[in-house]
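> If you read the protein sequences in the order shown, they are chains F, E, S and P.
Each residue of the first sequence is one higher than the last, beginning at 571 in our numbering.
Each residue of the second sequence is one higher than the last, beginning at 571 in our numbering.
Each residue of the third sequence is one higher than the last, beginning at 571 in our numbering.
Each residue of the fourth sequence is one higher than the last, beginning at 571 in our numbering.
Protein chains: 4
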Amino acid sequence: MDVGFLGLGRMGRAMALSLVRAGHRVRVWNRSPEAAEALRGEGAEPVADPAEAFAGDAAVTMLADDAALRAVVLDSGVLDRPTRPGLHLGMSTISVALAEELAARHAAAGIDYVSAPVFGRPDVAAKGALNIVAAGPGAAVERAGPLLDAMGAKTWPFGAEPARANAVKLAGNFMLVSAIEAMSEAVSFAGAHGVPAADLLDMLTGTIFASPIYRNYGGAIAAARYEPPGFGLALGAKDVRLVLEAAEAARVPMPFAGVLRDNLLDALAHGDGDKDLAALARVAARRSGRG
Amino acid sequence: MDVGFLGLGRMGRAMALSLVRAGHRVRVWNRSPEAAEALRGEGAEPVADPAEAFAGDAAVTMLADDAALRAVVLDSGVLDRPTRPGLHLGMSTISVALAEELAARHAAAGIDYVSAPVFGRPDVAAKGALNIVAAGPGAAVERAGPLLDAMGAKTWPFGAEPARANAVKLAGNFMLVSAIEAMSEAVSFAGAHGVPAADLLDMLTGTIFASPIYRNYGGAIAAARYEPPGFGLALGAKDVRLVLEAAEAARVPMPFAGVLRDNLLDALAHGDGDKDLAALARVAARRSGRG
Amino acid sequence: MDVGFLGLGRMGRAMALSLVRAGHRVRVWNRSPEAAEALRGEGAEPVADPAEAFAGDAAVTMLADDAALRAVVLDSGVLDRPTRPGLHLGMSTISVALAEELAARHAAAGIDYVSAPVFGRPDVAAKGALNIVAAGPGAAVERAGPLLDAMGAKTWPFGAEPARANAVKLAGNFMLVSAIEAMSEAVSFAGAHGVPAADLLDMLTGTIFASPIYRNYGGAIAAARYEPPGFGLALGAKDVRLVLEAAEAARVPMPFAGVLRDNLLDALAHGDGDKDLAALARVAARRSGRG
Amino acid sequence: MDVGFLGLGRMGRAMALSLVRAGHRVRVWNRSPEAAEALRGEGAEPVADPAEAFAGDAAVTMLADDAALRAVVLDSGVLDRPTRPGLHLGMSTISVALAEELAARHAAAGIDYVSAPVFGRPDVAAKGALNIVAAGPGAAVERAGPLLDAMGAKTWPFGAEPARANAVKLAGNFMLVSAIEAMSEAVSFAGAHGVPAADLLDMLTGTIFASPIYRNYGGAIAAARYEPPGFGLALGAKDVRLVLEAAEAARVPMPFAGVLRDNLLDALAHGDGDKDLAALARVAARRSGRG
Chain F
571 MDVGFLGLGR MGRAMALSLV RAGHRVRVWN RSPEAAEALR GEGAEPVADP
621 AEAFAGDAAV TMLADDAALR AVVLDSGVLD RPTRPGLHLG MSTISVALAE
671 ELAARHAAAG IDYVSAPVFG RPDVAAKGAL NIVAAGPGAA VERAGPLLDA
721 MGAKTWPFGA EPARANAVKL AGNFMLVSAI EAMSEAVSFA GAHGVPAADL
771 LDMLTGTIFA SPIYRNYGGA IAAARYEPPG FGLALGAKDV RLVLEAAEAA
821 RVPMPFAGVL RDNLLDALAH GDGDKDLAAL ARVAARRSGR G
Chain E
571 MDVGFLGLGR MGRAMALSLV RAGHRVRVWN RSPEAAEALR GEGAEPVADP
621 AEAFAGDAAV TMLADDAALR AVVLDSGVLD RPTRPGLHLG MSTISVALAE
671 ELAARHAAAG IDYVSAPVFG RPDVAAKGAL NIVAAGPGAA VERAGPLLDA
721 MGAKTWPFGA EPARANAVKL AGNFMLVSAI EAMSEAVSFA GAHGVPAADL
771 LDMLTGTIFA SPIYRNYGGA IAAARYEPPG FGLALGAKDV RLVLEAAEAA
821 RVPMPFAGVL RDNLLDALAH GDGDKDLAAL ARVAARRSGR G
Chain S
571 MDVGFLGLGR MGRAMALSLV RAGHRVRVWN RSPEAAEALR GEGAEPVADP
621 AEAFAGDAAV TMLADDAALR AVVLDSGVLD RPTRPGLHLG MSTISVALAE
671 ELAARHAAAG IDYVSAPVFG RPDVAAKGAL NIVAAGPGAA VERAGPLLDA
721 MGAKTWPFGA EPARANAVKL AGNFMLVSAI EAMSEAVSFA GAHGVPAADL
771 LDMLTGTIFA SPIYRNYGGA IAAARYEPPG FGLALGAKDV RLVLEAAEAA
821 RVPMPFAGVL RDNLLDALAH GDGDKDLAAL ARVAARRSGR G
Chain P
571 MDVGFLGLGR MGRAMALSLV RAGHRVRVWN RSPEAAEALR GEGAEPVADP
621 AEAFAGDAAV TMLADDAALR AVVLDSGVLD RPTRPGLHLG MSTISVALAE
671 ELAARHAAAG IDYVSAPVFG RPDVAAKGAL NIVAAGPGAA VERAGPLLDA
721 MGAKTWPFGA EPARANAVKL AGNFMLVSAI EAMSEAVSFA GAHGVPAADL
771 LDMLTGTIFA SPIYRNYGGA IAAARYEPPG FGLALGAKDV RLVLEAAEAA
821 RVPMPFAGVL RDNLLDALAH GDGDKDLAAL ARVAARRSGR G
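Have a look at this one:
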């Protein structure tokens with residue numbers, strides 16, 4: 571397929587290359603053009619104007635946040651150009667509210683819109699092994715199949731309303747940050763009773779909590795290894811804010827999310843925003859006098 | 571070995587039978603004698619007096635709570651009888667404070683005491699496949715080896731101070747209840763945005779959260795299947811209380827544990843104490859108006 | 571002075587009449603014009619266009635929320651009209667962020683802007699006895715003196731940056747909702763131990779907590795009298811959201827505010843948004859099984 | 571009346587002297603005898619054995635905590651001596667559970683027991699101006715009238731079951747610590763937006779929050795004056811623990827109390843246990859990076 575890809579951060583870059591490897595023609599755009607140029611030698615075709623990427627059989631967006639997506643797609647006028655793509659595959663982690671707005675605006679413009687956020691870190695993206703949660707009109711999801719298959723190990727369908735995929739993504743990230751907080755408190759608790767963090771987490775993440783999330787973040791906490799960031803703490807704080815906003819809109823109390831919010835603010839106030847999300851463990855340690 | 575086993579609830583019964591199967595001579599005692607009698611045909615030897623079980627090469631206790639253990643072991647005088655065992659393997663989930671007291675009292679009485687609480691539900695205990703966390707004097711843990719090997723898939727050593735194993739067990743149960751709460755809030759959140767619980771949890775517990783805990787409790791929540799209880803909600807509430815007590819003794823703030831406490835009280839106040847711990851999900855649902 | 575007054579809800583209407591009584595010429599505007607017409611017989615002069623009110627020696631705004639203020643003042647173009655007022659006295663409860671934006675926009679337009687939100691319910695406003703917190707350029711606050719004196723018992727100065735007055739207002743409302751939540755939990759606690767709410771609150775709000783806030787809301791809780799609303803629960807929820815947003819911008823963890831957020835959502839999900847803020851007490855009662 | 575007074579801390583000493591001033595004969599006992607001796611010149615009669623004080627027309631206890639009261643009254647055998655008093659007025663801040671146990675034990679021993687904890691700091695006690703909450707058999711409360719009138723400005727009756735007075739005392743202390751936490755978060759919030767603590771609290775505690783509690787603790791927070799302690803932080807932490815225990819027994823979720831628990835542990839872990847309870851404000855400041 572003839573694909574435009576917008577947003578070449580660490581995740582986007584790896585995903586765009588997966589598309590190239592699968593034989594698609596891929597035009598790539600990024601706000602800072604060096605990231606696009608860097609992919610020229612890898613088989614992708616850099617373009618300077620987002621409108622050139624938002625065209626073709628399908629456009630894929632993997633932008634940083636609501637503001638970036640709003641600027642590039644909604645406020646730029648690209649939805650109304652004659653060259654607009656047949657399909658927009660929105661893979662960024664964005665708010666439920668923006669996903670709803672995007673669905674309405676695309677419907678009005680006559681473009682199929684599929685929300686398809688992903689689970690997996692850059693190394694997983696590089697292998698084309700992401701887990702993708704997709705929601706949108708059935709025919710559109712089907713047409714996106716070859717692209718989704720190139721980027722992910724599996725696509726999990728969540729029905730026809732795009733925003734549902736974003737709700738799932740936010741729910742998953744909420745559970746992820748909750749798991750880190752639970753480990754953080756457990757480590758401070760056990761540590762105060764003489765148990766080393768590594769001993770505790772080796773056991774728990776090797777048995778009843780033997781899942782990728784617990785192993786990755788548990789390993790980082792046990793080793794107090796918070797740099798370089800895989801998933802930055804400030805980004806995690808942003809995602810928790812999106813969770814709280816969507817929870818408020820639907821009137822769902824989420825006391826764990828409230829605790830996460832405060833502890834992430836505590837971490838940000840202590841200068842850990844650029845560290846890995848695992849650095850949330852430093853908050854529990856500091857509060858117990860062991861920081 | 572010649573072993574006495576005290577406490578034949580669903581876990582204890584399965585563990586005692588593992589010892590029988592491994593060829594040990596096992597005297598069994600339970601407060602309500604029927605549970606002991608029921609094991610006569612299985613190769614165990616029921617005794618009527620706890621002092622008869624608290625004897626031999628080793629005694630194993632798997633009692634309900636602090637009060638039961640205190641009554642049977644500390645207040646009964648068995649520690650000072652000439653027939654006292656060479657080793658006491660304490661496998662109950664008890665408070666850190668009681669574990670410390672037990673260690674001191676056994677040392678004074680000249681009996682080796684090893685704390686060895688377990689992770690795993692009754693079906694895992696029946697296969698002798700528990701994960702056991704053991705702490706106590708090195709030589710004593712070694713002597714207990716054949717017993718531990720009969721009951722567990724693996725024994726994780728946590729040093730010479732028995733109470734540390736109890737801190738680890740409580741830390742693990744705290745993480746377990748936290749995982750259930752996180753799933754509960756995520757399900758209410760996603761449900762309010764139109765995503766069925768089963769769809770959400772199938773995806774998450776099949777990918778980044780693919781661990782036994784998440785699959786078991788996630789499956790129960792997705793199916794709203796809270797009976798019969800595997801791990802009763804009232805018992806979980808007791809464990810969270812033990813966590814909070816030990817955290818307070820060591821001055822460790824644990825905001826997640828505080829949320830768990832309130833939500834478990836909410837569940838108890840609404841009559842769900844005899845249901846499975848997964849019924850914690852009903853609290854988040856009720857609070858969001860979907861209960 | 572020649573004053574325009576925009577926003578004639580229960581508070582605004584009472585404040586505008588205070589200005590009339592003090593001898594000022596007062597043009598009044600409201601989105602639904604009946605509220606303005608109703609003041610014609612009281613000595614105020616209804617106008618149909620907000621631009622006619624946003625003119626004269628000073629304009630006073632007492633609008634419902636950020637959106638209303640943004641629509642009427644920022645997006646309408648009134649700041650750039652030749653008839654713009656010499657001073658804008660913003661008395662609405664709005665976000666700190668909007669107050670900062672208003673300050674910048676007014677400075678650019680050459681209009682003095684003073685933030686002057688108020689404490690007090692409609693009956694206090696009717697007596698011209700509000701407590702007003704004012705911040706803005708010193709000369710502007712001084713010129714506003716006759717207006718502030720007409721509406722309030724006292725004006726508390728908070729310096730030259732308008733947004734500080736809004737931070738003070740939000741801090742005060744946060745403390746107010748916190749006081750209600752504390753009484754709510756205390757009533758459920760004592761009630762579960764056999765103590766009637768009225769007996770508990772009569773004593774506490776008559777002694778160490780003898781302040782207007784505790785007496786008013788304590789009386790309502792003791793009598794379970796939640797209608798008609800003095801301060802609506804949904805409005806209180808909005809104010810707590812403004813607190814959380816401004817706290818997040820400044821990286822200030824506020825665990826009490828997080829609890830308030832969840833409990834207010836619980837109340838909204840159970841249909842109590844149109845009741846008085848005191849109905850927050852129903853959440854604690856319901857959660858303890860006494861709702 | 572012929573009265574024995576046990577427990578001569580700062581509060582007890584002032585209360586005993588109020589009884590002396592009112593013309594009662596007062597035997598005084600304290601664990602460290604110097605405190606009793608110091609009152610000899612003031613008209614009280616020091617005794618060396620608690621049994622000598624727990625005698626006469628009435629005995630008053632104002633001991634430090636559950637453990638002290640249990641040791642002096644329940645485990646010492648004084649309830650069964652022929653010289654036991656006609657009435658026991660228990661004024662200590664103790665657990666609801668212990669109050670229930672005391673009521674039962676006194677009933678069995680044939681001694682009237684009245685729970686009568688107090689609100690007020692030592693300077694208020696010195697003026698005989700405490701607020702006393704009393705519960706117990708009506709005739710006994712009536713007989714205690716002259717003593718209560720000597721120590722307090724007013725006695726608030728809470729019925730015939732002694733433990734209810736203790737529930738009221740704990741509810742009041744919970745509201746007190748909640749007020750301090752609310753002020754602490756408000757001060758950090760407003761401070762982060764440029765508003766000095768003193769300016770904020772002068773206004774709020776001079777208007778809608780004009781009550782003794784807010785003025786006293788607000789003044790201390792505004793001045794960062796945490797020593798000497800009026801009400802020690804570690805004692806406040808103990809009271810919050812008693813609240814949580816009694817709440818758990820009655821299955822009452824109390825999210826504010828959970829937050830208080832964590833923040834008090836944070837304060838204790840940072841060495842502020844001997845400071846005044848107002849030092850709770852240091853936790854919010856530290857967490858926002860301003861500590």
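Beta carbons: idealized from backbone N, C-alpha and C, even for Gly.
Could you tell me which of E/LEU830, E/ARG860, E/GLY859 sits nearest to E/ALA848, measuring between CA atoms?
E/LEU830
> Helix, strand or coil: how does DSSP classify F/ASP572 here?
It is a strand residue.
> May I ask you to list, following chain order, the residues of the region 827-859 of chain P that have a beta carbon less than 7 angstroms from some beta carbon of chain F?
ASP836, ALA839, HIS840, ARG857, SER858, GLY859
> Do S/ALA737 and P/HIS763 come within 8 angstroms of each other at the CB atom, strictly closer than that value?
yes
> Under 8 angstroms, Cβ to Cβ, is there at least one residue of chain F near S/VAL822?
yes
> Checking contacts by CB at 8 angstroms: is S/GLU815 closer than that to chain P?
Residue contact with chain P for S/GLU815: absent (no Cβ-Cβ distance below 8 angstroms to any residue of chain P).
> By the 10 Å Cβ neighbour count, where 16 or more other Cβ atoms means buried, how is E/GLU818 classified, buried or exposed?
Looking at its Cβ environment, which holds 16 or more other Cβ atoms inside 10 Å, E/GLU818 is buried.
> Could you tell me whether any Cβ in chain P is nearer than 8 angstroms to the Cβ of S/ILE681?
At a cut-off of 8 angstroms between beta carbons, S/ILE681 makes no contact with chain P.
> Quick check on S/VAL765: does DSSP put it in helix, strand or coil?
coil
> Could you tell me whether any Cβ in chain F is nearer than 8 angstroms to the Cβ of S/GLU607?
no
> Taking 8 angstroms as the CB-CB cut-off, is F/GLY764 touching chain E?
yes
> With E/ASP682 as the anchor, note down where its beta strand (DSSP E) starts and where it stops.
682-685
> Comparing the CB of F/THR777 with every heavy atom of the ligand NAD, is any distance shorter than 7 angstroms?
Absence of the ligand NAD from the depicted structure is noted, as is the absence of any ligand whatsoever, leaving it without description.
> Assign P/GLY611 to one of two classes, buried (16 or more other C-beta atoms within 10 Å of its C-beta) or exposed (fewer than that).
exposed
> Give the residues from the region 726-752 of chain P that approach chain S closer than 8 angstroms (Cβ to any Cβ), ordered along the chain.
TRP726, PHE728, GLY729, GLU731, ALA733, ARG734, ALA737, VAL738, LEU740, ALA741, GLY742, PHE744, MET745, LEU746, SER748, ALA749, GLU751, ALA752
> Exposed or buried, E/GLU731, counting other C-beta atoms within 10 Å across all chains shown (16 or more means buried)?
With a 10 Å radius around the Cβ and a threshold of 16 neighbouring Cβ atoms, E/GLU731 comes out buried.
> Answer yes or no: does any C-beta atom of chain E fall closer than 8 angstroms to that of F/SER781?
yes
> Which runs of the alpha helix (DSSP H) at least 4 residues long sit entirely within the region 582-650 of chain E? Give them in chain order.
Entirely contained in the region 582-650 of chain E, the alpha helix (DSSP H) runs reaching 4 residues are, in chain order, 604-607, 620-623, 636-639.
> Can you find the residues in the same chain that come closer than 8 angstroms, C-beta to C-beta, to S/LEU589, ignoring five residues on each side of it along the sequence?
VAL573, PHE575, VAL596, VAL630, LEU717, ALA720, MET721
> Just verifying my parser: in three-state terms, what is the DSSP assignment at F/HIS658?
F/HIS658 sits in a strand when the DSSP states are folded into three classes.
> Between which two residues does the alpha helix (DSSP H) holding E/ILE895 run?
Past the edges of chain E, shown from 571 to 861, lies residue 895 of chain E, and the structure says nothing about it.
> Straight-line CA distance for E/ASN701 to E/ILE783?
13 angstroms
> Less than 8 angstroms between CB atoms is the rule here; does P/GLU818 satisfy it with respect to chain E?
yes
> The beta strand (DSSP E) spanning S/ALA677 covers which residue range?
Note, S/ALA677: premise wrong, no beta strand (DSSP E); alpha helix (DSSP H) at 666-679.
> DSSP state of F/PRO727, grouped into three classes?
Of the three classes helix, strand and coil, the one that applies to F/PRO727 here is strand, per DSSP.
> With DSSP as the reference, label E/PHE689 as helix, strand or coil.
Reduced to three states, the DSSP call for E/PHE689 is strand.
> By how many angstroms is the C-alpha of S/VAL810 removed from the C-alpha of S/ALA752?
15 angstroms
> Taking 8 angstroms as the cut-off, does the region 631-651 of chain S touch the region 671-691 of chain S (at least 3 CB pairs, one atom from each stretch)?
yes
> For F/LEU718, list the residues DSSP reports as bridge partners.
In DSSP, F/LEU718 forms no bridge with anything.
> I need the DSSP call for P/LEU771, collapsed to helix, strand or coil.
helix
> Judging by CA-CA distance, which residue of E/MET824, E/ALA827, E/ARG856, E/SER665 is the nearest neighbour of E/ALA837?
E/ARG856
> Assuming P/ALA621 contacts P/THR653 under a Cβ cut-off of 8 angstroms, what Cβ separation, rounded to an integer in Å, is found between them?
7 angstroms
> Just reading off the alpha helix (DSSP H) that E/LEU805 is part of, what are its end residues?
803-819
> Can the beta-carbon of E/ALA735 be found less than 8 angstroms from the beta-carbon of E/SER781?
no
> To the nearest whole angstrom, what separates the beta carbons of S/PRO655 and S/ASP619, a pair I think is in contact under 8 angstroms?
The pair is not a contact, with the Cβ atoms about 14 angstroms apart (cut-off 8 angstroms).
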